[in-house]
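Working notes, structure below.
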Amino acid sequence: MPFRSPTARVVAALSLTQLIGWGATFYLPAVTGPAMAAELAMALPMVMAGPTVMLVVMAIVSWPLSTIFERHGARPVMAFGSPLGAAGLLIMGLAYGPVSYILSWTILGLAGACMLTTPAQIAVTEIAGEKARQALGVLILAGGLTSTIVWPLTGLLQDQWGWRTTTLTYAAAMLFVCMPLHWLTLARRPREQSAAKATSEPAPIDRPSFLLLAMSFAGNGFITWGFALTIIILFEAAGLDHASALTAAAFIGIARWAGRGVDFLGGRRWSGFLTGLVASALFPLSFAVLLLTSSFAGAMLFALLYGIASGVTAVTRATLPLQIFPSDTYARASAQLAVPLNLSYAAAPPLFTAIMTYWGPHAALWLALAISIVAFGTLLGLSLLHNQTKQASQAN
Numbered sequence: 028m029p030f031r032s033p034t035a036r037v038v039a040a041l042s043l044t045q046l047i048g049w050g051a052t053f054y055l056p057a058v059t060g061p062a063m064a065a066e067l068a069m070a071l072p073m074v075m076a077g078p079t080v081m082l083v084v085m086a087i088v089s090w091p092l093s094t095i096f097e098r099h100g101a102r103p104v105m106a107f108g109s110p111l112g113a114a115g116l117l118i119m120g121l122a123y124g125p126v127s128y129i130l131s132w133t134i135l136g137l138a139g140a141c142m143l144t145t146p147a148q149i150a151v152t153e154i155a156g157e158k159a160r161q162a163l164g165v166l167i168l169a170g171g172l173t174s175t176i177v178w179p180l181t182g183l184l185q186d187q188w189g190w191r192t193t194t195l196t197y198a199a200a201m202l203f204v205c206m207p208l209h210w211l212t213l214a215r216r217p218r219e220q221s222a223a224k225a226t227s228e229p230a231p232i233d234r235p236s237f238l239l240l241a242m243s244f245a246g247n248g249f250i251t252w253g254f255a256l257t258i259i260i261l262f263e264a265a266g267l268d269h270a271s272a273l274t275a276a277a278f279i280g281i282a283r284w285a286g287r288g289v290d291f292l293g294g295r296r297w298s299g300f301l302t303g304l305v306a307s308a309l310f311p312l313s314f315a316v317l318l319l320t321s322s323f324a325g326a327m328l329f330a331l332l333y334g335i336a337s338g339v340t341a342v343t344r345a346t347l348p349l350q351i352f353p354s355d356t357y358a359r360a361s362a363q364l365a366v367p368l369n370l371s372y373a374a375a376p377p378l379f380t381a382i383m384t385y386w387g388p389h390a391a392l393w394l395a396l397a398i399s400i401v402a403f404g405t406l407l408g409l410s411l412l413h414n415q416t417k418q419a420s421q422a423n
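See the structure below:
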């Protein structure tokens, strides 16, 4: 994928806008949350609920947006989402209490549905076509560095100018960096093609395949987002000291990035179903390890298996729909898949925290094991259904 190619330019632009978009929204309170809570006279849990509000709004809006993506392409929607995100961050930077703070996250949810993750993946497939898998792999590989880059930068900005100026700085980046990149680099859809899409009957989406894929992705997504904020607590509850728990938790990030890299380097040799099934099988195996041992070596083995599984699954979520749905329904199917995914992402952290608080870490592990087995089973069922359908079409 030479950098001079249109696909490479789009992937480079989207890698930057996704880093800014997620870093300025979902990842922001991890650094600025305590200062926000103190100045806005809000409890810290309420401040940290902002990203949950954003994900729920993204889920609600994704379904009606699916037909817009299909008819008009990603470019106008993502270009509109950038100033909308800037407006949400502007309101947050000027917030004076809970009402304006929650309002800002509501607007950021609308913006996120227009420009974060799924829209970017749709934009890549529009320009890369059937060769989108490698391009999506690069985009997701770059996305894995978001917290590594943005958290130190946010901390530096906050130390120098405070959380309000930091938020307003990110608002300016949304407006003056993301919006021009979305408008100037993404594929332009000819007007006659958009008009034809608007007047033609949408191609049907295979609902059994859609439901099985949604169940598998939402199940594994529920696990990964649920453990994202509780994994250190889980390790410590298992008997590890704080330093060992931090080491094992940090190793998950390394293994996750390595998993994404392995899929990027070798993904063209393997089918999307094969990589997805292997990754999905590693989830229950990792939880079994942690249920059977509480040693540091066991925690590191868990981190390796779990990190690789979550890294490969992140790529599979973007690429497997390309293998299942026809190209003319990919945008609509992907946007509709974002509904159960974002709802599972939003629900997971508070539910896992509650389970660990009231029933203990082993209950959370048993729940994760059960969900991961169901997720693997649904993906296996989808693979068998897809092969059966493919063989039937070839026979005809």
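Going by the working numbering, 184 is the number at position 157 of the sequence shown; the sequence numbering is gapless.
Idealized CB from N, CA, C, for every residue including glycine.
These numbers come from a predicted model, not from an experiment.
DSSP three-state label for Ala-282, please. Looking at Ala-282 - three-state DSSP - the assignment turns out to be helix.
Pick helix, strand or coil for Ser-337, following the three-state DSSP scheme. Here Ser-337 carries a helix assignment [DSSP, helix/strand/coil].
Assigned secondary structure, Lys-224 (DSSP; H/G/I helix, E/B strand, else coil): At Lys-224, the pLDDT of 49 sits below 50, so the modelled position is not reliable; the number obtained from the coordinates is stated separately. Assignment of Lys-224 by DSSP, reduced to helix, strand and coil, places it in the helix class.
Let me know the secondary structure DSSP gives Ser-321 once reduced to three states. Note: Ser-321 maps to coil in three-state DSSP.
Can you tell me the Cα-Cα spacing of Leu-319 and Phe-329, whole angstroms? Each residue's Cα considered, the two are about 11 Å apart.
Mind checking whether Val-204 and Leu-43 have CB atoms under 9 Å apart? Yes.
Leu-130 and Gly-48 - do their beta-carbons sit closer together than 9 Å? Contact check for Gly-48 against Leu-130 fails: the beta carbons are separated by 9 Å or more.
Please state if the CB of Ala-395 and the CB of Gly-248 are separated by a distance shorter than 9 Å. Their beta carbons are not under 9 Å apart, which means Gly-248 does not touch Ala-395 by this criterion.
Using the beta-carbon count (16 or more within 10 Å), is His-413 buried or exposed? When all chains shown are included, His-413 counts as buried.
Assign Pro-56 to buried or exposed, taking buried as 16 or more other Cβ atoms, counted over all protein chains shown, within 10 Å of its Cβ. Buried.
Got a sec? Which residues, its chain only, sit under 8 Å from Ala-199 by beta carbon, not counting five neighbours each side? Same-chain partners within the cutoff: Ala-113.
If you check the beta carbons only, do Ile-87 and Val-316 fall under 9 Å apart? The Cβ-Cβ distance between Ile-87 and Val-316 does not fall below 9 Å.
Can you tell me which of Ala-140, Val-37 and Gly-108 puts its alpha carbon nearest to the alpha carbon of Trp-90? A check of alpha carbon separations from Trp-90 across Ala-140, Val-37 and Gly-108 identifies Ala-140 as the nearest.
Considering only the alpha carbon of each residue, which of Ala-326, Gly-299, Asp-233 and Leu-211 lies closest to Ala-264? Nearest to Ala-264 by C-alpha distance, out of Ala-326, Gly-299, Asp-233 and Leu-211, is Ala-326.
Run of the alpha helix (DSSP H) containing Arg-27, from where it starts to where it stops: Only positions 28 to 423 of the chain appear in the structure, and residue 27 is not among them; the question remains open.
Please go through the same chain and pick out, in chain order, the residues whose beta-carbon is closer than 8 Å to the beta-carbon of Gly-387, but skip the five residues on each side of it. Excluding the 5 residues flanking it on each side, Gly-387 has same chain C-beta neighbours closer than 8 Å at Ala-264, in chain order.
Distance check for Leu-117 and Tyr-197, CA to CA, integer angstroms please. Tyr-197 and Leu-117 have their C-alpha atoms spaced approximately 9 Å apart.
If you run the structure through DSSP and keep just helix, strand and coil, what is Met-69? Annotated three-state conformation of Met-69 is coil, per DSSP.
Check whether the Cβ atoms of Ala-106 and Met-206 lie closer than 9 Å to each other. For Ala-106 and Met-206, yes; Cβs fall inside 9 Å.
Candidates Tyr-357, Met-63, Ser-361 and Leu-409: closest to Arg-191 by CA position: Residue Met-63 is the option with its Cα nearest to Arg-191.
Asp-268 by DSSP, collapsed to three states: which one? DSSP places Asp-268 in coil when its eight states are reduced to three.
Proximity winner among Ala-306, Ala-285 and Phe-323, relative to Gly-170 (alpha-carbon distances): Of Ala-306, Ala-285 and Phe-323, the residue nearest in Cα terms is Ala-285.
Give the straight-line distance between the Cα atoms of Phe-237 and Ala-65, rounded to the nearest whole angstrom. Going from the Cα of Phe-237 to the Cα of Ala-65 covers about 44 Å.
Count Cβ pairs between the region 174-193 and the region 73-81 that sit closer than 8 Å; are there 3 or more? Too few Cβ pairs lie closer than 8 Å, so no.
Taking the continuous alpha helix (DSSP H) assigned at Ala-86, which residues delimit it? Boundaries of the alpha helix (DSSP H) harbouring Ala-86: 77-99, taken from the DSSP string.
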